[in-house]
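Trainee: Under this note's numbering, think of the first position of the first sequence as 3, with each following residue one higher.
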Amino acid sequence: MNLFKYFRDVVVDELEQMAAAGGLPSRLDTSRVAVEPPRERTHGDLSTNAAMVLAKPAGMKPRDLAAALAARLEKNAEVTGVEVAGPGFINLRLAPAVWYARVDEILRAGTAYGDSDLGQGLAVNVEYVSANPTGPLTVGHARGAVVGDALAALLAKVGFKVTKEYYINDAGGQVDTLARSAYLRYREALGEEIGEIPEGLYPGDYLKDVGAALAARDGDRWVGEAEAVWLPEVRRFTIDAMMDLVRADLEFLGVHQDVFSSERALVEAGGVEEVQRTLEGRGLLYTGVLEPPKGKTPEDWEPRPQLLFKATLFGDDIDRALKKSDGSWTYFAGDLAYHLDKFRRGFPLMINVWGADHGGYIKRLTAGVKALTEGRGELDVKICQLVNLKRGGELVKMSKRSGAFVTLREVIEEVGKDVVRFIMLTRKNDAALDFDLVEVTEQSRDNPVFYVQYCHARCRSILRHAATETPGISLDAVALAGADLNRLTDSGELDLIKFLAEWPRLLESAAEAHEPHRVAFYLYDLAAAFHGQWNKGNDNADLRFLLPDDVGLTAARLAMVQAVAFVIASGLEVFGVTPVEELR
RNA sequence: GGCCCCGUAGCUCAGUCGGAUAGAGCGACAGAUUCCUAAUCUGUAGGUCGCAGGUUCGAAUCCUGCCGGGGUCACCA
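1) Measuring only the C-alpha atoms, how far is P581 from S572?
2) Answer yes or no: do L487 and A561 have a C-beta to C-beta separation smaller than 8 Å?
3) Taking all protein chains shown into account, do 16 or more other C-beta atoms lie within 10 angstroms of the C-beta of L397, making it buried, or fewer, making it exposed?
4) On the three-pair Cβ rule with 8 Å, is the stretch 109-124 touching the stretch 324-339?
5) Which residues share a DSSP beta bridge with M352?
6) Looking at the structure shown, is V86 part of a helix, part of a strand, or coil, going by DSSP?
7) Mind checking who S49 pairs with in its DSSP beta bridge?
8) Evaluate contact between the stretch 158-166 and the stretch 114-128, counting only Cβ atoms and requiring at least three cross-stretch pairs below 8 Å.
9) If we count the other Cβ atoms within 10 Å of its Cβ and call it buried at 16 or more, is W303 buried or exposed?
10) Given that a residue counts as buried once 16 or more other Cβ atoms are within 10 Å of its Cβ, and exposed if not, what is E510?
11) Determine the direct distance from the alpha carbon of A230 to that of Y185, and round the result to whole angstroms.
12) Under a three-way DSSP split, which group does R238 fall into?
13) Any idea what DSSP makes of I499, helix, strand or coil?
14) Which of the three DSSP states, helix, strand or coil, is assigned to I475?
15) Exposed or buried, what is V288 when buried is set at 16 or more other beta-carbons lying within 10 Å of its beta-carbon?
16) Using 8 Å as the cut-off, can you tell me whether the stretch 350-365 makes contact with the stretch 323-330, which would need three or more C-beta pairs spanning the two stretches below that distance?
17) Using only the alpha-carbon positions, how far apart do A358 and V269 sit?
18) Leaving out five residues on either side along the sequence, give the residues of the same chain with a beta carbon under 6 Å from the beta carbon of G405.
19) State yes or no: is the C-beta of I414 within less than 8 Å of the C-beta of L255?
20) For G377, count neighbouring C-beta atoms within 10 Å of its own C-beta (all shown protein chains included) and say buried if the count is 16 or more, exposed if not.
21) Could you name the residues that DSSP lists as bridge partners for E396?
22) Can you tell me which of the three DSSP states P205 falls into?
23) Report back the beta-carbon spacing between A57 and I92 to the nearest angstrom; my notes put them in contact at under 8 Å.
24) What residue does the alpha helix (DSSP H) around L67 start on, and which one ends it?
25) My output table needs one value for P450: the three-state DSSP class, helix, strand or coil.
26) Does the structure place the stretch 258-273 close enough to the stretch 170-179 that three or more beta carbon pairs sit under 8 Å?
27) Do you know how far the Cα of V81 is from the Cα of R29?
28) Label G273 either buried or exposed according to how many other C-beta atoms from any shown protein chain fall within 10 Å of its C-beta, with 16 as the threshold for buried.
29) Can you tell me which of the three DSSP states L588 falls into?
30) Following the continuous beta strand (DSSP E) through V440, name the residue where it begins and the one where it ends.
31) Can you find at least 3 beta carbon pairs, one from the stretch 553-569 and one from the stretch 489-502, that sit closer than 8 Å?
32) Out of curiosity, what's the CA-to-CA distance linking N537 and P450?
33) Report the partner residues of A323 according to the DSSP bridge assignment.
34) Rounded C-beta distance between P360 and R429? I'm assuming under 8 Å.
35) Kindly indicate the opening and closing residues of the beta strand (DSSP E) around L287.
36) Measure the C-alpha to C-alpha separation of K365 and D541 and round it to an integer number of angstroms.
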């Protein structure tokens, strides 16, 4: 359970009783009352701002209100110390039994510790990757893939009903270009000399396989035909092949999405016309001419009338085009159809994970979602900044179009999927990330993957050793919960347990903020606390985990060790990273 | 030029819907150290949180304006 929420309820309860007793005005708004771990550990276990938040509405001085509330909290059996500090904080110290109960709870729950019903089963759609199906995935895509995947797992863990989705951009000009590129490779596969790949087409070698496969299936039936004849089928064939490639890459990364939505299918089903009708019905469309961008007019800019959506009414800077000047739909129009479709499929909350280069697109889509759902649908777009792939400090170039790029597959082959996944989550999504192929495999404290995995491996190692060192102790987690945890009296042990107790709260706050990277930092800090306790055993043999002469204390410590292992594993589970049993 | 993101210790970065004396790792400096369960450990120094205003009992956090870095910028996807 979330201990902090639990004690928040306790505090609010007391406030209500004070109100009932006439000590406070009734119906005070307690929504801003918070119970948190104090920043300064020495201040106690829990801290509440209740008195400061309520002083004004209650017409009291913060310290007076704090004193009155403190007097009530002091009577709580789970509270061993209460003090009013600073401008009116109330600091609480909790009975050791409260902490030991957390160990018991963890051992019984296993990696399910921290699961909650915060989300109340609300349906959330997390859309991520959605790379254009024009080639293999790069390391840049991987960041979005991992962030989206971890965010989805995080939300599921705290009780949301999550659907993971990929939007296939299989309509529009880029896939036509792709098809033309594949067509060249097809002719090449049939023995034709094609020379250099012309500028503007996709040069990558991966299209050779596609061309060969098409030649093997269809022979020369497309040769010499007009583009209009072969394009639809070549395009379809190539997109399928590219999506197979993308799915294989995602599989290699351990990403499994539930739904793959096709832009083309949506458009062909008339989704865009429906958007047009809907917006038209609300008077949100008009044909007009946009102003040139302020301060920087493109050289080929010319005024042209287009079908426009009144995005400015919903927070965007300018109105946005639904149709190109040739009358065909814009990408935006299709995307609106897609999001209306998602909303209608039952997702009031939609989260999109995008690359940094799409940042300028957020406002118009959020505006569009507001307009189409009449404010009932919420869209949150997470932007992933660039990944700088490095090797020993040197930047490794990657470019999807140059042909000479580093693919995600190559990186995974070199360092492993777990390393890629973890590292991608060690920075908040809107900050750039350095990914150094050398550093991420180093076995040192400044490599968070190693440090966290080492913590888990060390826990498991201790438990393996226990089997021979203290054979009388059952290592089953629930059996360990039966140990006399009162024996855990060292300050480092209690601090460790207190840190474990923050896990449910950390999960909830990370989920609410849509920030999975917080889990990485928590795991690193937990690992540091655990390694620190292990190290104390170096100086003081009494603090070692395995004490063959004291089976009772050993059992209690093993319970704690297993609890640490569970929480680490629980966090790695959210990340889709396999906790290791040992390091080599 | 408009919009978005970033700016915190020498370096790389955390910092909880505004909370108390702003943290960690690396590096630097000073010590300890073959003890064991598994790849050292402990301590110290280091900051006008880019700048200037504002809101608040209280601001690294919210608002406004600047400065610096990155991204993006009518029909691409």
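Glycine included, C-beta positions come from ideal geometry on N, C-alpha and C.
Mentor: Taking the structure as given:
1) Position 579 of the first sequence holds residue 581. Position 570 of the first sequence holds residue 572. Taking the straight line from one Cα to the other gives about 9 Å.
2) Counting from 1 along the first sequence, the entry for residue 487 is found at position 485. Counting from 1 along the first sequence, the entry for residue 561 is found at position 559. With contacts defined as CB atoms closer than 8 Å, L487 and A561 qualify as a contacting pair.
3) Taking the first residue of the first sequence as position 1, residue 397 is located at position 395. Per the 10 Å Cβ criterion, exposed.
4) no
5) Here residue 352 corresponds to residue number 350 of the first sequence, with the count starting at 1. Under DSSP, M352 shares a beta bridge with N127, L381.
6) As a working mapping, residue 86 is identified with position 84 in the first sequence. Three-state result, V86: strand.
7) As a working note, residue 49 is residue 47 in the first sequence. According to DSSP, S49 bridges with E38, N93.
8) yes
9) Counting from one through the first sequence, the residue named residue 303 turns up at place 301. Under the 10 Å beta carbon count, W303 is surrounded by fewer than 16 other beta carbons and is classified as exposed.
10) Along the first sequence, read from residue 1 onward, the residue named residue 510 stands at position 508. Answer is buried; the Cβ neighbour count reaches 16.
11) Start at 1 with the first residue of the first sequence, and residue 185 comes out as number 183. Start at 1 with the first residue of the first sequence, and residue 230 comes out as number 228. If you take the alpha carbons of Y185 and A230, they lie about 12 Å apart.
12) Your numbering for residue 238 matches position 236 in the first sequence. Helix at R238.
13) As a first step, residue 499 must be located in the first sequence, where it is residue number 497. Looking at I499 - three-state DSSP - the assignment turns out to be helix.
14) Within the first sequence, the letter at position 473 stands for residue 475. Residue state, collapsed to three classes: coil.
15) Position 286 of the first sequence, counted from the first residue, corresponds to residue 288. The sequence shown places Tyr at residue 288, not Val. Classification for Y288: exposed.
16) no
17) In the first sequence, counting from the first residue as 1, residue 358 sits at position 356. In the first sequence, counting from the first residue as 1, residue 269 sits at position 267. Cα to Cα, A358 sits roughly 26 Å from V269.
18) On the first sequence, residue 405 is found 403 positions in, with the first residue counted as 1. Reliability of the predicted coordinates at G405 is poor, the pLDDT of 44 falling under 50, and no value is obtained from them.
19) Along the first sequence, one-based indexing puts residue 414 at 412. Along the first sequence, one-based indexing puts residue 255 at 253. Contact: yes.
20) Residue 377 sits at position 375 when you count from the first residue of the first sequence. Exposed, by the Cβ-count rule.
21) As a position in the first sequence, residue 396 is number 394, starting the count at 1. Answer is R393.
22) Residue 205 sits at position 203 when you count from the first residue of the first sequence. If DSSP states are grouped into helix, strand and coil, P205 belongs with coil.
23) As a working mapping, residue 57 is identified with position 55 in the first sequence. As a working mapping, residue 92 is identified with position 90 in the first sequence. That pair is no contact at about 12 Å.
24) Here residue 67 corresponds to residue number 65 of the first sequence, with the count starting at 1. Residues 64-75.
25) Start at 1 with the first residue of the first sequence, and residue 450 comes out as number 448. Of the three classes helix, strand and coil, the one that applies to P450 here is helix, per DSSP.
26) Three or more Cβ pairs drawn from the stretch 170-179 and the stretch 258-273 lie within less than 8 Å of each other, which places the two stretches in contact.
27) Counting from 1 along the first sequence, the entry for residue 29 is found at position 27. Counting from 1 along the first sequence, the entry for residue 81 is found at position 79. Straight-line Cα distance between these residues: approximately 26 Å.
28) Position 271 of the first sequence, counted from the first residue, corresponds to residue 273. The residue in question, G273, is buried, as its Cβ has 16 or more Cβ neighbours within 10 Å.
29) Nothing about residue 588 can be reported from this structure: the residues present for the chain run from 3 to 586 only.
30) Start at 1 with the first residue of the first sequence, and residue 440 comes out as number 438. That residue, V440, is in no beta strand (DSSP E); it is neither H nor E in DSSP.
31) The way I'd put it, the stretch 553-569 does touch the stretch 489-502; three or more beta-carbon pairs between them come closer than 8 Å.
32) As a working note, residue 537 is residue 535 in the first sequence. As a working note, residue 450 is residue 448 in the first sequence. Those two C-alpha atoms are separated by around 18 Å.
33) On the first sequence, residue 323 is found 321 positions in, with the first residue counted as 1. Beta-bridge pairing links A323 to L310.
34) Taking the first residue of the first sequence as position 1, residue 360 is located at position 358. Taking the first residue of the first sequence as position 1, residue 429 is located at position 427. In the sequence as displayed, the identity of residue 360 is His instead of Pro. Not really, about 19 Å apart at Cβ, beyond 8 Å.
35) Translated into positions along the first sequence, residue 287 becomes position 285. First-last of the beta strand (DSSP E) with L287: 287-291.
36) Start at 1 with the first residue of the first sequence, and residue 365 comes out as number 363. Start at 1 with the first residue of the first sequence, and residue 541 comes out as number 539. Between K365 and D541, the alpha-carbon positions lie close to 58 Å from each other.
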